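So the sequence shown is numbered by the working numbering: it starts at 52 and just counts up by one.
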Amino acid sequence: MRGLGHLHALLLATYYKTPFNLACIEMKVINHGVPEALKEALMKECNELLSLPEEEKAEYLDAGPVDPIHIGTALYPAGDGDRYLKYLFLKIFVHPEFHCPGKPEKLRDVAAQFATQTRDLMLQLTRAISESLGLDGGRISEALNLDSGFQKLIHNHYPEYDESDGMGRGIVPHTDNGHLALTFQNGIDGLEVQHNGQWIQAKPLPGAFFVLVGDQLEIVSNESYKAVMHRVVVRSEQTRTSFVSMFAPCLDTVVEPVQELTPRRSGLGVPGHQVQRVRYCTSEKQQGQGANSNGRRAGTGPH
Numbered sequence: 052m053r054g055l056g057h058l059h060a061l062l063l064a065t066y067y068k069t070p071f072n073l074a075c076i077e078m079k080v081i082n083h084g085v086p087e088a089l090k091e092a093l094m095k096e097c098n099e100l101l102s103l104p105e106e107e108k109a110e111y112l113d114a115g116p117v118d119p120i121h122i123g124t125a126l127y128p129a130g131d132g133d134r135y136l137k138y139l140f141l142k143i144f145v146h147p148e149f150h151c152p153g154k155p156e157k158l159r160d161v162a163a164q165f166a167t168q169t170r171d172l173m174l175q176l177t178r179a180i181s182e183s184l185g186l187d188g189g190r191i192s193e194a195l196n197l198d199s200g201f202q203k204l205i206h207n208h209y210p211e212y213d214e215s216d217g218m219g220r221g222i223v224p225h226t227d228n229g230h231l232a233l234t235f236q237n238g239i240d241g242l243e244v245q246h247n248g249q250w251i252q253a254k255p256l257p258g259a260f261f262v263l264v265g266d267q268l269e270i271v272s273n274e275s276y277k278a279v280m281h282r283v284v285v286r287s288e289q290t291r292t293s294f295v296s297m298f299a300p301c302l303d304t305v306v307e308p309v310q311e312l313t314p315r316r317s318g319l320g321v322p323g324h325q326v327q328r329v330r331y332c333t334s335e336k337q338q339g340q341g342a343n344s345n346g347r348r349a350g351t352g353p354h
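In structure tokens form, the structure reads like this:
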């Protein structure tokens, strides 16, 4: 992948050809500079937060989808009758304003470091993606106004599978409604990506982040990069935990294909078609119930 500099992006196994580019549906990045110790500390502190007595996290349990800190349990129709998929989550908005729960005490510092380092990494990846399309390295960041971009951290907790409660563990198929997402997990399988109608297990690689392309990058690249349809299916008797750093344009950004990619490429998109990021954000209130403007189920980042 051209333009990565000191990064080593490992593009694995499943590629498909678009008329003007070779796109991947599974991408992992290693040598990214985010310490493993920081990732482990973040997972530990978030697990401790979710384990606190309800009275100590009550204000976050009562929060809504657009509040800066939200702890909750999500239930999704599994699409196979009356069964539902279930998981616990913590969502924290960290940019342009940083928010964090007061407990555990170490969480704030760890989350701030992780947010900054993963945001910088996603900006570097965005530069590489821009250059891979023959554009100036800063072109996509400029088009999406990423300097004032919207970032949130998401911690997901999938309890061990138990047939007796009638609940599956996972998340329904969706694409992310942002720009890019970096995710890692505790070594328990579950993340799957779709290719040619088939589900492919995204196997964890020690030290790596999964990199997931979102709807906004698909639009701004005029579909040279495709948003990754993915889901989580947990079949293990062990608890699966994952963490996501998601980056998106600010809420008033108008997202459209960059002009350099629209001439003579009418088959890849509709030149001049504009989609406001704020329209995608409203789908958070209906998470798991609706579809986005492309007919896909909208998602906000559980992996």
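Beta carbons: idealized from backbone N, C-alpha and C, even for Gly.
Keep in mind it's a predicted model, so treat the numbers as computed, not measured.
Among the options, the one whose alpha carbon lies nearest that of residue i
| i | options | result |
| --- | --- | --- |
| Asn237 | Gly221, Arg291, Gln267 | Arg291 |
| Cys151 | Arg170, Leu100, Leu126 | Leu100 |
| Gly265 | Ala259, Lys90, Glu87, Met280 | Met280 |
| Met78 | Leu242, Cys301, Thr313 | Leu242 |
| Phe261 | Val305, Val295, Glu274 | Val295 |
| Gly229 | Leu103, Asp171, Thr304 | Thr304 |
| Ser181 | Cys301, Tyr276, Val285 | Tyr276 |
| Asn273 | Pro308, Pro257, Gln267 | Pro308 |
| Pro116 | Gly200, Ile205, Leu176, Gln245 | Ile205 |
| Arg286 | Tyr209, Pro224, Val223 | Tyr209 |
| Phe149 | Gln175, Glu156, Tyr138, Ile120 | Ile120 |
| Gln249 | Ala179, Ala109, Pro224 | Pro224 |
| Glu193 | Leu184, Met297, Arg178 | Arg178 |
| Leu158 | Asn98, Gln252, Arg170 | Asn98 |
| Lys87 | Leu256, Gln310, Met297 | Going by the sequence as given, residue 87 is Glu instead of Lys. Of the listed residues, the one whose Cα sits closest to Glu87 is Leu256. |
| Arg170 | Gln310, Met297, Glu110 | Met297 |
| Glu156 | Gln252, Lys254, Gln245, Leu103 | Leu103 |
| Val306 | Leu197, Ile251, Leu176 | Leu197 |
| Tyr233 | Leu176, Lys254, Tyr138 | The displayed chain sequence assigns Leu, not Tyr, to residue 233. Selected option, being the one with the closest Cα: Leu176. |
Cβ shell of residue i (< 6 angstroms), same chain only, five flanking positions each side left out
| i | result |
| --- | --- |
| Gln289 | Glu211, Ile239 |
| Gln168 | Val85 |
| Val161 | Ala92, Leu93, Glu96 |
| Leu319 | Confidence in Leu319 is poor, its pLDDT being 44 and thus under 50, which makes the residue's placement unreliable; the coordinate value appears in the next sentence. Excluding residues within five positions, the ones whose Cβ falls inside 6 angstroms are Asn273, Glu274. |
| Pro147 | Ser199 |
| Ala278 | Thr226, Val264, Gly265, Asp266, Glu269 |
| Gln245 | Met280 |
Bridge-paired residues (DSSP) for residue i
| i | result |
| --- | --- |
| Tyr138 | Ala125 |
| Ile239 | BP columns for Ile239 are empty, so no partner. |
| Thr234 | Phe261, Val295 |
| Val244 | Ile251, His281 |
| Lys144 | Residue identity check: residue 144 is Phe in the sequence provided, not Lys. Paired residue(s): Lys203. |
Cβ pair residue i, residue j closer than 8 angstroms
| i | j | result |
| --- | --- | --- |
| Val271 | Leu195 | yes |
| Gly189 | Ile81 | no |
| Ala125 | Phe201 | no |
| Asn207 | Phe140 | yes |
| Leu312 | Leu268 | no |
| Arg282 | Ile222 | yes |
| Leu263 | Asp227 | yes |
| Glu107 | Lys154 | yes |
Contact test: residue i Cβ vs the ligand PLP heavy atom, cutoff 7 angstroms
| i | result |
| --- | --- |
| Gly248 | The model on display carries no ligand, and the ligand PLP is accordingly not part of it. |
Own chain partners of residue i with C-beta closer than 8 angstroms, once the 5 adjacent residues on each side are dropped
| i | result |
| --- | --- |
| Lys90 | Phe165, Phe235, Phe294 |
| Leu112 | Glu105, Ile122, Gly123 |
| Ala163 | Val145, Phe149, Cys151 |
| Gln252 | Asp240, Leu242, Glu243 |
| Lys254 | Asp240 |
Test: residue i CB closer than 8 angstroms to a CB of chain C
| i | result |
| --- | --- |
| Lys154 | Structure shown: chain C not included; a single protein chain is present. |
Contacting residues, own chain, Cβ-Cβ under 7 angstroms from residue i (five flanking each side not counted)
| i | result |
| --- | --- |
| Ala114 | Ile120, His121 |
| Lys203 | Lys142, Ile143, Phe144, Val145, Met297 |
| Asp133 | With a pLDDT of only 46 at Asp133, under 50, the local geometry of the prediction cannot be trusted, and the value read off the model is given with reservation. So the list is empty, once near-sequence residues are dropped. |
Margin query: Could you tell me which whole beta strand (DSSP E) segments of length 3 or greater appear in the region 266 to 295?
Written below: The DSSP assignment places complete beta strand (DSSP E) segments of no fewer than 3 residues inside the region 266 to 295 at 281 to 284, in order along the chain.
Notebook entry, point to check: Curious, which full-length beta strand (DSSP E) runs of at least 3 residues does the region 155 to 225 contain?
Noted result: Here the runs fully enclosed are 201 to 209.
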